[in-house]
Every structure is written in C-alpha cells, then in structure tokens.
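So the sequence lines, in the order shown, correspond to chains A and B.
Here our numbering is used: position 427 in the first sequence is 431, and no number is missing along the way.
Here our numbering is used: position 287 in the second sequence is 291, and no number is missing along the way.
Beta carbons: idealized from backbone N, C-alpha and C, even for Gly.
Because the structure is a prediction, the values reported are computed rather than measured.
To keep things clear, I will list the structure first and then write my remarks on it.
Number of protein chains: 2
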Amino acid sequence: MVESNDSTIHAVDPRSGEILEPGYQPGSAADVDRAANAAAQAFRPYRQLDAKARAEFLDAVADGLTGIAEEIVAIVGAETGIAEPRIRGELGRTTNQLRLFAGVVRDGSYTGVRIETALPDRTPLPRPDLRQHKIPLGPVAVFGASNFPLAFSVAGGDTASALAAGCPVVVKAHPSHPGTSELVAGVITRTAADLGLPAGVFSMVHGGVEVGTALVQHPAIKAVGFTGSRAGGLALLAVANARPTPIPVYAEMSSINPVVLLPGALAERGSTIGQGFVGSLTTGVGQLCTNPGLVFAVDSPALQDFLDGAADAVQDSAAAPMLSAGICAAYDAGVQALREHPAVEEIATGADDQSLSAAGVTHLFTTTAEAFSGDPALSAEVFGASSLIVRVPDAALLPELLESLEGQLTATIHLAETDPTLTEEDLAAANELLPILQEKVGRIVVNGWPTGVDVGTAMVHGGPFPATSDGRSTSVGTLAIDRFLRPLAYQDVPSTLLPPDVR
Amino acid sequence: MVESNDSTIHAVDPRSGEILEPGYQPGSAADVDRAANAAAQAFRPYRQLDAKARAEFLDAVADGLTGIAEEIVAIVGAETGIAEPRIRGELGRTTNQLRLFAGVVRDGSYTGVRIETALPDRTPLPRPDLRQHKIPLGPVAVFGASNFPLAFSVAGGDTASALAAGCPVVVKAHPSHPGTSELVAGVITRTAADLGLPAGVFSMVHGGVEVGTALVQHPAIKAVGFTGSRAGGLALLAVANARPTPIPVYAEMSSINPVVLLPGALAERGSTIGQGFVGSLTTGVGQLCTNPGLVFAVDSPALQDFLDGAADAVQDSAAAPMLSAGICAAYDAGVQALREHPAVEEIATGADDQSLSAAGVTHLFTTTAEAFSGDPALSAEVFGASSLIVRVPDAALLPELLESLEGQLTATIHLAETDPTLTEEDLAAANELLPILQEKVGRIVVNGWPTGVDVGTAMVHGGPFPATSDGRSTSVGTLAIDRFLRPLAYQDVPSTLLPPDVR
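Here it is, written out as structure tokens:
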C-alpha cells in the first residue's frame, strides 16, 4: 500500500553530498491509481493509432530531448555525478533509441503477420481463412534505473519499446534522479499533448518501494520493465506473480559477466588485454550491468603480463563519484568482504579522492580456481569498479568453472588472433567453451569487452535467470518490442473488420 | 515430494466403468530425477544436431504412430470412450503436427536470425559484428491432457514443438489414459534409439500431482507445457514461480469462448446458427477447450428461431461417454448449479444413456443480461456439453458484457452476410465489439465456430489469463515453437566458432 507520506524526495549531488532542491512529492495511492487508470483509458485509442502517428510521437520525444540537451546535461550531472561526455553520449543513445523504435513502428514487420488463406476444398476438413498478428499487451509500468538516468529511465529503452508496441507507459521515477526524471517526463507529456494523443499514454510517479509495489499491483498494468538490483527485481516479480491476474516482469537484474583469457591471447597481447580490461571495468565507475566483474585467466608465463598491465591501469585510474551514497556504501562493503577473504589477494587499487562524497575507487583482486569453486560468495556481484581474477591452473578446468556460474548477460573470450599456432589452439579451446556459454548467457563477445551495448537490431541485452527474470527477451535492441506483444488470430473475419496489417 | 507409492494407476473404460489391466506404476522421486537428469544430459547433443536429423526424428515418430494406428485406436477407445472416427482424426492431427514441426525445423527461419555486420568507421563509436539467433531453453516438462490423449499428450503439440526447438522432453502421462501414453512413448523412445539420439531426449513418467510437482521443481527442467484445468495450471505455475530459478509455464487452462449473435445474423439464418452451435457444443462431448459455453444473443423477433433450432438439435443429441467418471461428476455438478440458479432456465436437454458409466448429456440454458452481469458464477466454465445463452435486450449492452469477461481462447461473432442492409448493420455493431475482443482473446472467429483448431502457421490457441498462464504464446500452430526459445547474440565471434545459421 502507498501510505500518505510527507517524506519529500531530494536528489543528492554525489560529488559534494549537497542535498538538491526542489524536492519532489512521492505519489499517493490515488496518484498511482489515477496514472494507471488513465493509461488503461488511453490504451485502445493509442494502440489503434496508425503506425505513422506512433512513430512521429517517438521521433518528437527524441527531438524534444535534444532541444533541452543543456538542461539535461546540467541536472544529470548534479543528480548522478556522471561526467559530461558520458551524459551527452547517453542522451544521444536515448534519442537514437527512440528514433530506432520509430523506424520499427514504421517498418511494421514487428507485428509478425502470418496469413493462411482459406482452402475450402482441403480434406478431410476445409481450412478457414486465418490471419495472425501481434497486438500490444496494455499499459506497462517502467522503473527508472539508477545507473542510466536517461537510456534506461523515463524515456529509455523500456519506455521506447513499450510505446512503440502500442502500450501506454507509467514510469516510477528513480528516487536518485527525480529532477532529471521530471525534465524528461515533461518532454514526453508535452509532446503527447501537442500531438493530441490521449493524456494517459504517458505518466510518471515519484516514490520508493511502496509506490512501485502499488503500481505493479494495479489491475490496469499488464507488464513491467525494470533495470536494477536482484533484490528489487525479485521483489517486483513476487508482487506480479501474486496478483489475481499475473503479468510478465522483464527485470534485468544482476550479472558478473565472466571473461575468459585463453593462453594464446595472453601470450600474444597480455598487457594490452590488461589495459583494455581495466578500461571496460572502470567505464561508468563500474556501475554498468555488463561490467566485467570476473576473469578466468589461464595460468601461463604470459599471465603476468596481463596482471601487470591491468594493475598499472588500475593504479592510474582516478576515483570518480558513484551514483549515490547508498551504491557507494554497498560497493565499499563488497570490496571489504573480498579484502577480508582468506583466499583473495588485492593486487591493485586505484586512486581515492577524499573530496568526493561518494568516491568510487577501482579494486582488482585475484584468487585461485580452487577457492573460487569452493565459495559461492566469490561469484556475488559487487556493483562498481571491482573485479576478481581467477587464476586457472589448466585450461581443462574452464568448462567446469563456467558450468558452475549462474545465468549472465554476457560472457567474453579472448583468443589469439595473429600467431597461427596460438590461434588454432585458442580456437579449439573456445570451441569447447562455446556450447557452455550459449546456455549461460545472452551475448557472447570475442576479443572485445562486454560494456558498450550497441543499440540495433541484433543486440541481446538479456540472459538466463538471474541475469534477468525472463531470459526469453532482451531489453536493448529492436527485439525488445516483442516483450510487450502477444499473438492474436482472426478466423474468417471479413476484410472490412480486419486491422490494416492483416488485411 | 514423490512418495513411494503402491497405488498402481489403472485406466477405467468410461463406457462400461470397467477397470482396465495392466496397471502402471507411478514414478518415484528417483524416476523423476533420472528422467530430468537424462534430459539435461541429452540437451547439448540434441540441440546441436543438424536440423535435418531433428526433422527426421519428428517425421519418424509420426511414421511410427501411423504404423500402430489400429493398436492406438483400440486403446484410446477403451481408455477414454472417444468414438473411433474422432480418434482417427486426432491421430491424423497428431502425426500432421509432428510433420509440420519437422518442416519448421528444416525451414530454419524459426531461429529468427538477425545480422548486423561491423561498421568500423561508424561515429561516435564503431559497430561490432553482431549476430542474433534463438536457442532452445533446455529440458521441457510436458503434461498430458485428459481430453486429447494424442494431440495434446505424449506426442502432442507441446512435445512436438519442444523437440522441434531442440529441447528434450519429459512427459508426465495423464492418469486417465496410461496405456495410450505407454504405447505412444514407446514409439518415441524406440525411434530415438533407432536414430542414435541420446536416450534422455524423451522420457515419460506416470503419476499424479506429486510426480508432476517433483518434475516442475527439478532444477534440470527449464519450461513447462500443460493443457488442463485452471486449478491444475495455477498449481504448476505456483510451483514454477517458487523455484530458486523460476521457469516459464505455458498452461492452457480455462475458457468459455463467448459467441455473439447479432440481430441481422439471427434474422437471416437463426435456425441454421442454432444447429451449427449445437454441433460445435457437442463435439467431443463438449470436452474441448474451445467449446462455446456462453452465447450473447440479441433479443429480437428472430431470436426464437435460433433458440428453437438449438433446442431441437440438443433434444436430438445422443448421450456419449465422457472422458472419465471424475470429469462427468464435475460436469453434472456444474449443470446442477445452473439448474438451481433462480435466474437460469433450462430450455433443452439431450438424451441420456443409462448404459454408459459416465454419460455426457447435452444441456442448454438461458438467462438474462441483468442476471449474468450480477453473478460471476454464471461465467464459470462447465467442462462438457452445456452452454448458457444470455438474452441481451439491446445490442448496445454488448460492449459492457464483453468487457466484463475474463481472458478467453476465442470469441465468435455471427453477422448477416446475404442481405445488404442487415449485413451493414451487423458489420457496424461488430466493428464496435472487435477492439474489445482483441483485448480479451487469442482468436476471433466470424460466422463459424470456435471448435476445430486448425494446425498451421497462423493459428493462435492461447489468450490472456486465465485462458492461459502466459498470453504471449500459442500452444497450437508453428509459433508454438517460440515458447521454448530465447535470443542469444554473438559479438565479433569468428565465423569458425559461429553456429551455421548465423554464419
């Protein structure tokens, strides 16, 4: 239940610790009910809009966001401490994503039309005229994420794909960037009004767990999109499953994104891999879903090159503000647990910065394959720029180590690629690992890094539980629209009654 | 938990009440564990088989079933009381369905390949090579259905689509037709052995709720296919959701399949519609998921033609054996409740047959729109050949009546089709109802009947909860394979490591 609540939500600048004004009122039970009912009211007219109008809406939201880029950059920086170039990059990603889904809507093939015309003379029974397409599920509740205040929040991928599918959206803003959320929601709301769309096509409420729970419980809500912690995702899943009418929850939750370093790759370019690894590890102060938190490195003479390259890069890495004091405290606790683990050694630490209120410091640890196998705690996610390198005495142990992992968003393999003999050996080893990784993850990367999730038609940002609550989907890329659709068949329906795409 | 259990499972001939020999032992906990683990062992080699080999397996199972058609006809008749022509029809449907999925596997487009080649010069960031396809989820637990001992049971649609997807299958046989299940399972097991497939690609266990629960709880099982009662489906869904790693449950559960009779259709051919309606109602002694259990008929001078036509056909309908004494008792109780309802009138009753142990008698009831709206009990499913006709005083009330319904597999509308004026009026009315039905059901039928679910590429046998536990899917038709797949992306993976379809 949403209780009436006087605890106004304030963002905190994680660089300075300053409490930012203004405050935002958490939604009441009545606010949630109003938003969800308005979405239900808007559903039919919105889904029946022609594709062109829906695509224009998405494009216009993208234009609107671009139009207030400077305002967005300023408030995201203050609320999250994210550096300006990354904010601009994330804004570009967000508007590109909206335009990408506008293109999906215009293209129309996402409705998956299948047509079987009548066969009146078929035996033993005639075949009726059958036409199938996919239709939207209904209003979607979207939860803003802490780590992508734009691309996975109010106008992010869940919202873009749901609106593209024809589903109204009610966003629960993330409490750590309420001002950013207001600014972006204002753009969507004004755009909808300017285009004469039904008001309930988009709404936003502020709030915490109670507001989120009330939203997922609301009978008008037909699906949920969430990016965040495992605890948060599982809580929403339980709420959704306990409804009289259960609904799908697409929660992208937790992943440590294992990286496998094969001997040939280490021999060929160990130090370079070490530097590239730390570059990926420290992107976004390590607060990315695809952060490489676990490395299996085959023990070999060249392993030291990798370790040295990585350690040097870690030592050169500057501290940077984490997204919030809470995330920083959880990160520090995770790091402390690794430091205190008897079988774990810290091999490098990045610079600290006492001037920051929530400083994220890079940490690099090593352990043995034996210790890793014996302790599930060592494969827990530490959300931030910390990674654990497992020294694997023999490549033959890799299959068992990989089999022991939970579902992941990504897995990465580094192979030799220059020396023919080394390449052949690494390819043979990779060939054995590939079937295991296929069954564990949503995306397999070779000779690259898992961070940097390209937004296009072939991307999968998903994976088996607990990487997500529903591994049958992706939250990034055009296939994300499929999460909010279901198939419907028409049998002998006269063409005047049929929707245009199946006519 | 599966307890060791001496209660041997015997089928009962519903025509005579005779207990049939032999008995079958319910699976023990060890049997379930063995079957699920064997499926897990078989998963990788089976999913890596080339498409041709997997398609051959499905075709060979179809051949094997055809080869023992006479044995099948005899045992299905004894165990279920289904009349011989319908058994032969169902066998043909089952083998056609296996062959249809063999074709889907050969065609290969079900893996949904999406390829984005590298754009090294793209700004601001280069695009990696990205390739996406769908891979199977893993071993699937399939629950045999009481009402389709062939087409929705051991070698039915769930099994065919799961095997086509590359998922091993463990079937829990329905206890009312254990001998049929053994016979069919034998064909699949021998075929797998003959083709040199891994033994665990298919297994079957007998048993009741405990065995089914243990199977769904088993960590090796990755998805569930079920056709049966709402209580049964919801119980399995709860078990699956309570697992440490939740899995998808595709339960096709309950539906009353509303039929709307518009005034023009009644005026044009009321009596014919009445006869067609009873033909659909009595198909399979009413024990079909798509049985038309609810009719909204607009009150008009011609309504009586429909009622008379239907009542005559009901009175002419013979009693026939229901599938089991339990189903018959539940049906009789449902009928009795309608009879005792103060606002319900029984307008026709079919012939009874005291010589049958579990006789299904046709019943036709009417009520008013007002009574229907006021009592949710009147929209409860009565599984069998009973239907409730709601007299709707004004077509303007139809939207509200339809909005009040739960999710359904199908909805049917009858329209005038000869007289231009009547047709225009009915089309206008249907045009208003269509958006409501789109949001309620998985299939919309015009001027036909919901029974007779064509197995092809455009069929949807699914629908919003509680028609199914997962409205994003269909259990009939080629799209059913998608239930057992998830997307996987490859980023910069060398082509020698890539699976053939994304190379």
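Q. Taking the alpha-carbon positions, what's the residue 324 of chain A to residue 58 of chain B distance?
A. Here residue 324 of chain A refers to the residue found at position 320 of the first sequence. Here residue 58 of chain B refers to the residue found at position 54 of the second sequence. Near 54 Å, if we compare the C-alpha coordinates of residue 58 of chain B and residue 324 of chain A.
Q) Which parts of the segment 402-453 of chain A are runs of the alpha helix (DSSP H), unbroken and 4 residues or longer, counting only runs that do not cross its ends? A) Within the segment 402-453 of chain A, the complete alpha helix (DSSP H) runs of at least 4 residues are 402-407, 424-444.
Q) Can you tell me where the beta strand (DSSP E) with residue 302 of chain B in it begins and where it stops? A) Your numbering for residue 302 of chain B matches position 298 in the second sequence. 298-302 is the span of the beta strand (DSSP E), which, as asked, contains residue 302 of chain B.
Q | Proximity below 9 Å, CB of residue 258 of chain A to CB of residue 455 of chain A | A | Here the question's residue 258 of chain A lines up with position 254 in the first sequence. Here the question's residue 455 of chain A lines up with position 451 in the first sequence. Against a cut-off of 9 Å, the Cβ pair of residue 455 of chain A and residue 258 of chain A comes out as no contact.
Q. Considering only residues of the same chain and omitting the five flanking positions on each side of residue 116 of chain B, which have a CB-CB separation below 6 Å?
A. By one-based count along the second sequence, residue 116 of chain B stands at place 112. 138.
Q.
If you measure between the beta carbons of residue 241 of chain B and residue 218 of chain B, is that distance less than 9 Å?
A. In the second sequence, the residue the question calls residue 241 of chain B occupies position 237. In the second sequence, the residue the question calls residue 218 of chain B occupies position 214. No, they are not a contact pair.
Q. Is the CB of residue 8 of chain A under 9 Å away from at least one CB in chain B?
A. Along the first sequence, read from residue 1 onward, the residue named residue 8 of chain A stands at position 4. Its pLDDT being 40, under 50, residue 8 of chain A is placed unreliably in this model, and the value from its coordinates should be taken loosely. Contact of residue 8 of chain A with chain B is not assigned, every C-beta pair being separated by 9 Å or more.
**Q.** Start and end residues, beta strand (DSSP E) containing residue 176 of chain A
**A.** Locating residue 176 of chain A in the first sequence gives position 172, counting from the first residue. 173-176 is the span of the beta strand (DSSP E), which, as asked, contains residue 176 of chain A.
Q: Starting from the Cα of residue 481 of chain A, find the closest Cα among A:261, A:28, A:93, A:102 and give me that residue.
A: Along the first sequence, one-based indexing puts residue 481 of chain A at 477. Answer by Cα proximity: A:102.
Q.
Can you find the residues in the same chain that come closer than 7 Å, C-beta to C-beta, to residue 161 of chain B, ignoring five residues on each side of it along the sequence?
A. Position 157 of the second sequence, counting from 1, holds the residue named residue 161 of chain B. Cβ within range, chain order: 101, 155, 479, 480, 484.
(Q) Could you check whether residue 476 of chain B and residue 252 of chain A sit closer than 9 Å to each other, using their CB atoms as the reference points? (A) By one-based count along the first sequence, residue 252 of chain A stands at place 248. By one-based count along the second sequence, residue 476 of chain B stands at place 472. If you check the CB distance, residue 252 of chain A and residue 476 of chain B come in under 9 Å.
Q: Can you grab the Cα-Cα spacing for the pair residue 197 of chain B / residue 203 of chain B, in whole Å?
A: The sequence position of residue 197 of chain B within the second sequence is 193, counting from 1. The sequence position of residue 203 of chain B within the second sequence is 199, counting from 1. In a straight line, the C-alpha of residue 197 of chain B is about 7 Å away from that of residue 203 of chain B.
Q.
Distance cutoff 9 Å, beta carbons only. Does residue 5 of chain A sit that close to anything in chain B?
A. Residue 5 of chain A sits at position 1 when you count from the first residue of the first sequence. The pLDDT assigned to residue 5 of chain A is 31, lower than 50, so where the model puts this residue is not dependable; a value taken from the coordinates is nonetheless given after this. With 9 Å as the cut-off, residue 5 of chain A does not count as an interface residue toward chain B.
(Q) In the DSSP output, what is residue 138 of chain B paired with across the bridge? (A) The residue labelled residue 138 of chain B in the question sits at position 134 within the second sequence. DSSP lists B:491 as the bridge partner or partners of residue 138 of chain B.
Q) In chain A, what lies closer than 7 Å to residue 463 of chain B by C-beta? A) Position 459 of the second sequence, counted from the first residue, corresponds to residue 463 of chain B. Using a Cβ-Cβ cut-off of 7 Å, residue 463 of chain B is close to 134, 493 of chain A, given in chain order.
Q. So what does residue 227 of chain A bridge to, in DSSP terms?
A. The residue given as residue 227 of chain A occupies position 223 in the first sequence. Looking at the DSSP output, residue 227 of chain A bridges to A:144.
**Q.** Listed by chain order, chain A residues near residue 139 of chain B by CB distance under 9 Å
**A.** Residue mapping note: residue 139 of chain B aligns to position 135 of the second sequence, counting from 1. Within 9 Å Cβ-Cβ: 442, 443.
Q. Is the shortest distance between the beta-carbon of residue 295 of chain B and the beta-carbons of chain A less than 9 Å?
A. Residue numbering aside, residue 295 of chain B sits at position 291 when the second sequence is read from its first letter. The C-beta of residue 295 of chain B comes no closer than 9 Å to any C-beta of chain A.
Q: Confirm the yes/no value for this check: CB of residue 404 of chain A, any heavy atom of the ligand FAD, distance under 8 Å.
A: The ligand FAD is absent from the structure shown, which contains no ligands of any kind.
**Q.** Top-ranked residue by Cα proximity to residue 281 of chain A, from A:85, A:465, A:316
**A.** One-based indexing of the first sequence puts residue 281 of chain A at position 277. Of the candidates A:85, A:465, A:316, the one whose C-alpha sits nearest the C-alpha of residue 281 of chain A is A:316.
Q: In angstroms with no decimal places, state the Cα-to-Cα distance between residue 468 of chain B and residue 487 of chain B.
A: Along the second sequence, read from residue 1 onward, the residue named residue 468 of chain B stands at position 464. Along the second sequence, read from residue 1 onward, the residue named residue 487 of chain B stands at position 483. So the alpha carbons of these two residues sit roughly 15 Å apart.
Q.
If we define contact as Cβ-Cβ less than 9 Å, is residue 220 of chain B a contact residue for chain A?
A. One-based indexing of the second sequence puts residue 220 of chain B at position 216. Not flagged as an interface residue toward chain A: residue 220 of chain B, since no C-beta distance is shorter than 9 Å.
**Q.** Closer than 8 Å at the beta carbon, the chain B residues around residue 217 of chain A
**A.** By one-based count along the first sequence, residue 217 of chain A stands at place 213. Scanning chain B for C-beta atoms nearer than 8 Å to the C-beta of residue 217 of chain A yields nothing, as the closest lies near 17 Å away.
Q. Is it right to say residue 153 of chain B is buried, meaning 16 or more other beta carbons lie within 10 angstroms of its own, or is it exposed?
A. For the purposes of this step, residue 153 of chain B is taken as the residue at position 149 of the second sequence. It counts as buried.
Q: Could you check what DSSP says for residue 325 of chain A in three-state terms: helix, strand or coil?
A: The residue given as residue 325 of chain A occupies position 321 in the first sequence. Residue state, collapsed to three classes: strand.
(Q) Less than 9 Å between the C-beta atoms of residue 331 of chain A and residue 187 of chain A, yes or no? (A) Counting from one through the first sequence, the residue named residue 331 of chain A turns up at place 327. Counting from one through the first sequence, the residue named residue 187 of chain A turns up at place 183. Going by C-beta atoms, residue 331 of chain A is not nearer than 9 Å to residue 187 of chain A.
Q) In whole angstroms, what separates the C-alpha of residue 7 of chain A from that of residue 212 of chain A? A) Walking along the first sequence from the start, residue 7 of chain A turns up at place 3. Walking along the first sequence from the start, residue 212 of chain A turns up at place 208. In this prediction, residue 7 of chain A scores a pLDDT of 39, lower than 50, which makes its location untrustworthy; the coordinate-derived value is nonetheless stated afterwards. Just so you know, the alpha carbons of residue 7 of chain A and residue 212 of chain A end up roughly 11 Å apart.
(Q) Can you tell me whether residue 183 of chain B is buried or exposed? The criterion is at least 16 other CB atoms within 10 Å of its CB, across all chains shown. (A) Position 179 of the second sequence holds residue 183 of chain B. By the 10 Å Cβ count, residue 183 of chain B comes out buried.
Q: Identify every residue that forms a DSSP beta bridge with residue 396 of chain B.
A: Indexing the second sequence from 1 puts residue 396 of chain B at position 392. Bridge partners of residue 396 of chain B: B:302.
Q. What residue does the alpha helix (DSSP H) around residue 61 of chain A start on, and which one ends it?
A. For the purposes of this step, residue 61 of chain A is taken as residue 57 along the first sequence, with counting starting at 1. From DSSP, the alpha helix (DSSP H) with residue 61 of chain A extends over 55-71.
(Q) For residue 121 of chain B, count the other beta carbons within 10 Å of its own beta carbon; 16 or more makes it buried, fewer makes it exposed. Which is it? (A) On the second sequence, position 117 is the one that residue 121 of chain B refers to. Under this definition residue 121 of chain B is an exposed residue.
Q: Measuring only between beta-carbons, confirm whether residue 474 of chain B sits less than 9 Å from chain A.
A: The residue given as residue 474 of chain B occupies position 470 in the second sequence. Output row for residue 474 of chain B: interface = yes.
Q. For residue 435 of chain B, which residues in chain A fall below 9 Å Cβ to Cβ?
A. Working through the second sequence from its first residue, we reach residue 435 of chain B at position 431. Per Cβ cutoff of 9 Å: 500, 501.
Q. What residue does the beta strand (DSSP E) around residue 254 of chain B start on, and which one ends it?
A. Sequence index remark: in the second sequence, residue 254 of chain B carries index 250 (1-based). Segment 253-256, the beta strand (DSSP E) holding residue 254 of chain B.
Q. In terms of residue numbering, what span does the alpha helix (DSSP H) encompassing residue 235 of chain B cover?
A. Here residue 235 of chain B is taken as the residue at index 231 of the second sequence, counted from 1. Run containing residue 235 of chain B: 234-246, per the alpha helix (DSSP H) assignment.
Q: Would you identify the three-state DSSP class for residue 292 of chain B, choosing helix, strand or coil?
A: Counted from its first residue, the second sequence places residue 292 of chain B at position 288. Collapsing the DSSP output to three states places residue 292 of chain B in coil.
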